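Protein chains in written order, with our numbering: chain A, 1155 to 1453; chain G, 1155 to 1453. Yeah, the Cβ is synthetic: ideal placement off N, Cα and C, and Gly gets one too. All values reported here derive from a predicted model rather than from experimental measurement. Presented below is the structure to which this report refers.
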């Protein structure tokens, strides 16, 4: 029997909902709860929401609480500086709030960093020394698990690889800059470039890939350029930090049949042979964001 | 008096010469020797050259030998895989060769990684936890000193940031890829783009910056685009690994008056504020490559 203190609570703050899950070290799900995000109009209501979510769990049965939120964040002071997905909250002192309602250890990091740690802990194939995980959803997130630990960088803002320029003077990104890879290979990027080209607004990535499947020329052109930009973003990461594995997760990977082979063909040609020989590129394990968030307490 | 075993020999393998210097921990130069590189037509003559260089030093007075060479390399097996600057050598087993002529500890790394370590050890201002050094000479090299140690990556190939794509489908680089930042901001890059534009072949960076000084429109246009590409390459590094300092060294920095202010203006606009607030961008200390190479033995 798993000891009761070997259970870990994970909280994943997303744009549409906040999901919490209680798991053990092997990743068995013991309880999960969800609350919608949209009703949070300011910091106070957001924090009240977190409190109500925690109240659904028996915290005496929990070893630690791990939280993942979109950046930019400050992990040292456990503050959400701002959130593109929940625009009404700003400088949320999450750690300070939680310390008032529990004495449990609190871990806090960027959601993509948490996703990387989840892939590391719960996908046996990804237990490697230098693992890059790229989350391809609405945006392009990234995390680096190095020597079994999240590479935090400054205050938890490490590996914001979605906001690397690959197309100088290119399309405007959500971050305000031009030419970030996120503007070319993510739901927002693919739909944005497709709209630019056709003036058609698609509702999601699925609709986009349906057009690709139907050999829509515009969709294929947008995808091909997106895959090229994506490949170069991986090249840049690999030439800099030399991971031995790059894993892709997130909604876009469901359509991998439309881009995986093209991606690998590009990567073979553009990554230095000595580094490519050391590299695996795979689709990761699908799991809820709270797994990785919870696993921050494993050490 | 400095104990005799606290002296460190550094060897810097360059395109035109191999320079060796004996230094102590504080960076005092005790002896230096140089041999030209061009006469090395194959691995054997290259290794004989290294032997003759070592014979000029009293090795009983040396604690360790540190070598820096252009990549790609294999630091684990101490092999120069190939060298763009000395095209006739390949898979040079440098470590094996040196172990036949001395029992001293041998340290081996990429020349840009060594330059970074030199900046860390011999420029008091750069003794920071996460230091990026960019060497702007013929090419664009880069090294990362993290927690006082070179970030080696895989076999010493870490931080090849000069070969990051910033201009998708851009100019062809020496590495065979298109759009690497080295093709826009390095002597090779600036002269190459200037030639593309004007069909004029300039002999060195000095001639290029003389044209800039004379307000030559083509040179200014090439420089401005180069500085923009360079700024985005720094943005990419900073967004990924969040250094607290980026230092530039090398020949191009002599002309900093023509680009430094423009560079900083770009960086202010394109780096996430939380990361920019944590960042210093400076010109580094000028020193021969053997200082950094030698300092590999300091630990």
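7 Å Cβ cutoff, residue i in contact with chain A
{"i": "residue 1322 (chain G)", "result": "yes"}
{"i": "residue 1476 (chain G)", "result": "Residue 1476 (chain G) lies beyond the residue range present for chain G, which begins at 1155 and ends at 1453; the question has no answer from this structure."}
{"i": "residue 1307 (chain G)", "result": "yes"}
{"i": "residue 1222 (chain G)", "result": "no"}
{"i": "residue 1155 (chain G)", "result": "With a pLDDT of 48 at residue 1155 (chain G), under the threshold of 50, the modelled position of that residue is not reliable, and no figure is offered here."}
{"i": "residue 1226 (chain G)", "result": "yes"}
{"i": "residue 1173 (chain G)", "result": "no"}
{"i": "residue 1452 (chain G)", "result": "no"}
{"i": "residue 1164 (chain G)", "result": "no"}
Residue range of the beta strand (DSSP E) that includes residue i
{"i": "residue 1354 (chain A)", "result": "Segment: none, residue 1354 (chain A) is in no beta strand (DSSP E) and carries neither H nor E."}
{"i": "residue 1270 (chain A)", "result": "Note, residue 1270 (chain A): premise wrong, no beta strand (DSSP E); alpha helix (DSSP H) at 1265-1276."}
{"i": "residue 1246 (chain G)", "result": "1244-1247"}
Cross-strand partners of residue i (DSSP beta bridge)
{"i": "residue 1290 (chain G)", "result": "G:1294"}
{"i": "residue 1228 (chain A)", "result": "A:1233"}
{"i": "residue 1400 (chain A)", "result": "A:1286, A:1435"}
{"i": "residue 1161 (chain G)", "result": "G:1178"}
{"i": "residue 1344 (chain G)", "result": "Paired residue(s): none; residue 1344 (chain G) is not in a bridge."}
{"i": "residue 1183 (chain A)", "result": "A:1177"}
{"i": "residue 1166 (chain G)", "result": "G:1173, G:1222"}
{"i": "residue 1334 (chain A)", "result": "A:1319"}
{"i": "residue 1304 (chain A)", "result": "A:1299"}
{"i": "residue 1189 (chain G)", "result": "G:1172"}
Neighbour flag for residue i against chain G, beta carbons, 7 Å
{"i": "residue 1447 (chain A)", "result": "no"}
{"i": "residue 1167 (chain A)", "result": "no"}
Residue i - containing alpha helix (DSSP H), residue span
{"i": "residue 1257 (chain G)", "result": "Here residue 1257 (chain G) belongs to no alpha helix (DSSP H), and DSSP marks it neither H nor E."}
{"i": "residue 1388 (chain A)", "result": "1371-1395"}
{"i": "residue 1218 (chain G)", "result": "Note, residue 1218 (chain G): premise wrong, no alpha helix (DSSP H); beta strand (DSSP E) at 1218-1223."}
{"i": "residue 1416 (chain G)", "result": "1414-1424"}
{"i": "residue 1326 (chain A)", "result": "Careful: residue 1326 (chain A) lies outside any alpha helix (DSSP H) and carries neither H nor E."}
{"i": "residue 1407 (chain A)", "result": "Looking at the DSSP string, residue 1407 (chain A) is not in any alpha helix (DSSP H), and its letter there is neither H nor E."}
{"i": "residue 1478 (chain G)", "result": "Any question about residue 1478 (chain G) goes unanswered here, given that chain G covers just 1155 to 1453."}
{"i": "residue 1311 (chain A)", "result": "Counting along the chain, residue 1311 (chain A) falls outside any alpha helix (DSSP H), and DSSP gives it neither H nor E."}
{"i": "residue 1359 (chain A)", "result": "1359-1367"}
{"i": "residue 1427 (chain G)", "result": "1427-1430"}
{"i": "residue 1197 (chain G)", "result": "1197-1208"}
Under 8 Å from the C-beta of residue i: neighbouring residues of chain A
{"i": "residue 1312 (chain G)", "result": "1394, 1395, 1396"}
{"i": "residue 1266 (chain G)", "result": "Within 8 Å Cβ-Cβ: nothing; residue 1266 (chain G) doesn't reach chain A, min ~12 Å."}
Task: Residues within the segment 1230-1242 of chain A neighbouring chain G, beta-carbon criterion of under 7 Å - done: Under the 7 Å Cβ criterion, the segment 1230-1242 of chain A contributes 1235.
Open item on the list: Against chain A, which members of the segment 1421-1444 of chain G pass a CB distance test of less than 7 Å?
Closed with: Residues passing the 7 Å Cβ filter: 1424, 1426, 1428, 1429, 1432.
Open item on the list: Short of 8 Å Cβ to Cβ, which residues in the segment 1388-1417 of chain G face chain A?
Closed with: With the criterion set as a beta carbon lying under 8 Å from some beta carbon of chain A, the members of the segment 1388-1417 of chain G are 1389, 1390, 1391, 1393, 1394, 1395, 1396, 1398, in sequence order.
TODO: Anything in the segment 1315-1346 of chain G with a Cβ closer than 7 Å to a Cβ of chain A? List those residues in chain order, please.
DONE: Correct list: 1315, 1317, 1318, 1319, 1320, 1321, 1322, 1331.
Task: Residues of the segment 1360-1389 of chain G whose Cβ lies closer than 7 Å to any Cβ of chain A, in chain order - done: 1382, 1383, 1386, 1389
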